[in-house]
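Visitor: One structure, as structure tokens, below. Some questions next.
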């Protein structure tokens, strides 16, 4: 088992299901998106440059997508918080994932490359 696969397997539900779904969705979204493990997290690259990664909030334990060029992204669903560069998209693991929203943000992020 690869280190990337091991990351997904060791997650607890319901986050595990969300992470696996997002991994598959983002990997298939564009032919030039690749997945690597960086800093122990699943990190997606577009044309070899950082695009976004998956992780979970320390307080709520809910998953989120964090976008590498977040300061350049202006989608209202993204949250800057105390971050200087990255912005996150919180994902509620108890609700259906809004695929249109994720597509909009991925499209905007990909255009920055």
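Numbering (full-length UniProt numbering), first residue to last: 1 to 113. Where a beta carbon is used, it is the ideal one built from N, C-alpha and C, also for glycine. As the structure is a prediction and not an experimental result, all values here were calculated from the model.
#1: State the beta-bridge partners of residue 66 as determined by DSSP.
#2: Quick check: the Cα distance between residue 112 and residue 35, rounded to an integer number of angstroms?
#3: Give the straight-line distance between the Cα atoms of residue 37 and residue 109, rounded to the nearest whole angstrom.
#4: Can you confirm whether the region 8 to 26 touches the region 44 to 55 when touching is taken to mean that 3 or more C-beta pairs between the two stretches lie within less than 8 Å?
#5: Alpha carbon to alpha carbon, what distance is there between residue 73 and residue 85?
#6: Could you tell me whether the Cβ atoms of residue 99 and residue 65 are closer together than 8 Å?
#7: Of all the options 76, 44 and 40, which has the alpha carbon lying nearest to the alpha carbon of residue 26?
Guide: The structure says:
#1: 53 and 88
#2: 19 Å
#3: 20 Å
#4: yes
#5: 10 Å
#6: Taking 8 Å as the Cβ cut-off, residue 99 and residue 65 do not qualify as a contacting pair.
#7: Checked all of 76, 44 and 40; the closest Cα to residue 26 is 44.
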